[in-house]
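Participant: If you read the sequence shown in the working numbering, its first letter stands for residue 3, the second for the next number, and so on. Got a structure here, written out as structure tokens. Questions coming.
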Amino acid sequence: MNIVMDFRKYDGVVGGVEQVVMQIISQIAPQGHTFILLSKQSRLDEVKNLFKDIPNVRHQPLPVETHAIGPKNAYHDSVTIQNIAAAENAPVIHFPYNWSFPFRKKAKTILTIHDVIPFTFREAMGWFRHRFIYKPALRRACRLNDVITTISEFSRRDIAAKTGTDPDRIRVIPNGFRRPASTTDRQKTALAERLGLTGPFILNVGGIHERKNVPRLIEAFGIFQQQVGYPGRLVITGKVAGAPYQEKMKARCDAAVARAQLAGKVLFTGFVSDPELDILLAAADFLVYPSLYEGFGIPILEAMNVGTPVITADATATAEVAGQAALLADPTSSEALATAMVKLHQDAPLRAKLSELGRRRVETYTWDQLASRYLQLYQELAEGR
Numbered sequence: 003m004n005i006v007m008d009f010r011k012y013d014g015v016v017g018g019v020e021q022v023v024m025q026i027i028s029q030i031a032p033q034g035h036t037f038i039l040l041s042k043q044s045r046l047d048e049v050k051n052l053f054k055d056i057p058n059v060r061h062q063p064l065p066v067e068t069h070a071i072g073p074k075n076a077y078h079d080s081v082t083i084q085n086i087a088a089a090e091n092a093p094v095i096h097f098p099y100n101w102s103f104p105f106r107k108k109a110k111t112i113l114t115i116h117d118v119i120p121f122t123f124r125e126a127m128g129w130f131r132h133r134f135i136y137k138p139a140l141r142r143a144c145r146l147n148d149v150i151t152t153i154s155e156f157s158r159r160d161i162a163a164k165t166g167t168d169p170d171r172i173r174v175i176p177n178g179f180r181r182p183a184s185t186t187d188r189q190k191t192a193l194a195e196r197l198g199l200t201g202p203f204i205l206n207v208g209g210i211h212e213r214k215n216v217p218r219l220i221e222a223f224g225i226f227q228q229q230v231g232y233p234g235r236l237v238i239t240g241k242v243a244g245a246p247y248q249e250k251m252k253a254r255c256d257a258a259v260a261r262a263q264l265a266g267k268v269l270f271t272g273f274v275s276d277p278e279l280d281i282l283l284a285a286a287d288f289l290v291y292p293s294l295y296e297g298f299g300i301p302i303l304e305a306m307n308v309g310t311p312v313i314t315a316d317a318t319a320t321a322e323v324a325g326q327a328a329l330l331a332d333p334t335s336s337e338a339l340a341t342a343m344v345k346l347h348q349d350a351p352l353r354a355k356l357s358e359l360g361r362r363r364v365e366t367y368t369w370d371q372l373a374s375r376y377l378q379l380y381q382e383l384a385e386g387r
């Protein structure tokens, strides 16, 4: 079977969406199925290099500079890509990043929507774009594509509610996650020196977006400090500068640090690489991930995979992903988060239990199962079922 896969989002960085596409292709193509991989013309050589060791991949560049919502990409969705599918005798086109607009189709289309966060948290998105472009475009995209896939049952329900899509048209295919690379003692020492990080610490990852709930976490950490006299620090990863929205959110975080009198006890690392994140995840006393909205929550699995206990929100997809393998708390309450932190800090048997349960939990989220379920879906659509 020939399958057209959209890789226009790739812009030099292999993020979550790119990792999903690479895993699907690396596991399905060797079985004899051919992928026609679409990418930006300007990134063609990079994309070829990413897939050079995978058989049955043919590359098709497109004359675009961005994957963003707009007339040019909608034209390619409706005309260029449809003609490619017809010429390649491909019965299925997979659009793996949140929107596509195939107003006319020559093949069945799958649209993967990871979440619809901007319907709830606009964050850095401008008001005009949010109201007059993003929302109506997502609703239209859901109507135009044959099947919607998403990464959690929570996202399935949320997409259905926010876009008016029949839930039966939305399939849940959970993500796998990035396994840690091996790191050396030299790398660990270099990171500790760069960050000035000595002694124990509690970790939060994912950045300082509004939905990540960092000011409330800082407040909870202050309560926790007062109650147990924790000798370590709260370490928060992710970019904190470089754009007006980030500067605004960092100012809110700094104000929370000042109110809680935690100067010197909260460390903002800025951007960390994947190997550095792996070091921090393995070394942390525990991960606190109190996000107000997640379509999935990969950091939960990354922490569990290395045996680090997790506290996360009892809402949206985080509770679904964590199952019984994490301590759940109300993310809207600083007191509830602090209570969970005190409990986990003081209860060594509970930490050991969650560590073991977490290692088991992650085995249910593999790239094998993701690729297998996508292949099944491609075959269903190809056969007209």
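From the three backbone atoms N, C-alpha and C, an ideal C-beta is built for every residue, glycine too. Values in this document were obtained by computation on a predicted structure and should not be read as measured data.
1) Identify the continuous alpha helix (DSSP H) that holds Ser28 and give its terminal residues.
2) Compare the C-alpha of Pro176 against each of Tyr380, Gln381, Leu379, Thr366 and name the closest.
3) Could you say which of Lys241, Pro277, Thr185, Ser293 lies nearest to Leu269 if we only look at CA atoms?
4) Let me check one thing: in DSSP terms, what residues is Leu269 bridge-paired to?
5) Please state whether the Cβ-Cβ distance between Val290 and Leu303 is less than 8 Å.
6) Can the beta-carbon of Ile313 be found closer than 8 Å to that of Ala258?
7) Express the C-alpha separation of Ala286 and Leu352 in angstroms, rounding to a whole number.
8) Of all the options Phe105, Lys164, Tyr99, Ile71, which has the alpha carbon lying nearest to the alpha carbon of Thr82?
9) Measure from the alpha carbon of Leu205 to the alpha carbon of each residue in Ser154, Val237, Lys214, Thr191, then state which is nearest.
10) So, for Pro169: in the same chain, excluding its five sequence neighbours on each side, which residues have a beta-carbon less than 8 Å away from its beta-carbon?
11) Identify the residues that DSSP records as bridge partners of Phe37: which are they?
12) Is the segment 119-126 in contact with the segment 29-42, if contact means three or more CB pairs nearer than 8 Å?
13) Helix or strand or just coil, what does DSSP make of Arg181?
14) Give me, in chain order, the residues of the same chain whose beta-carbon lies closer than 6 Å to that of Phe53; leave out the 5 immediate sequence neighbours on both sides.
15) Between Lys241 and the ligand PLP, is the CB less than 7 Å from at least one heavy atom?
16) Between which two residues does the alpha helix (DSSP H) holding Ala384 run?
17) Starting from Tyr247 and walking both ways along the alpha helix (DSSP H), at which residues does that stretch end?
18) Tell me the rounded alpha-carbon separation between Tyr295 and Ala317.
19) Do you know offhand how far Pro333's Cα is from Asn215's?
20) If you drop the 5 nearest sequence neighbours on each side, which residues of the same chain put their C-beta closer than 7 Å to that of Glu278?
21) Are Val16 and His96 closer than 8 Å when you measure CB to CB?
22) Starting from the C-beta of Val207, find all residues in its chain whose C-beta is less than 6 Å away, skip the five residues before and the five after it, and write them out in chain order.
23) Would you mind stating whether Leu372 and Gly178 have Cβ atoms separated by less than 8 Å?
24) Using the Cβ count rule (16 or more neighbours within 10 Å means buried), how would you classify Gly266?
25) Inspect the beta-carbon positions of Pro57 and Leu46 and report whether they are closer than 8 Å.
26) Should Phe9 and Ser44 be called a contact, given that it needs their Cβ atoms to be closer than 8 Å?
27) Report yes if the CB atom of Val344 is closer than 8 Å to the CB atom of Gln229, and no otherwise.
Facilitator: The answer reads as follows:
1) That run of the alpha helix (DSSP H) goes 18-30.
2) Thr366
3) Lys241
4) Val237
5) no
6) no
7) 16 Å
8) Phe105
9) Val237
10) Arg158, Arg159, Ala162
11) Ile5, Val59
12) no
13) The three-state reading of DSSP puts Arg181 in coil, since its state is none of H, G, I, E or B.
14) Exclusion of the five residues before and after Phe53 leaves Val59 as the residues of its chain whose Cβ lies within less than 6 Å of its Cβ.
15) No copy of the ligand PLP occurs in the structure displayed, which carries no ligand at all.
16) 369-384
17) Going by DSSP, Tyr247 is part of the alpha helix (DSSP H) stretching over 246-261.
18) 8 Å
19) Distance from the CA atom of Pro333 to the CA atom of Asn215, rounded to whole angstroms, is 8 Å.
20) By the criterion of a C-beta distance shorter than 7 Å, Glu278 is surrounded in its chain by Leu193, once the five residues flanking it on both sides are discounted.
21) If you check the CB distance, Val16 and His96 do not come in under 8 Å.
22) Thr239, Pro301
23) yes
24) Its Cβ having fewer than 16 others within 10 Å, Gly266 is exposed.
25) no
26) no
27) yes
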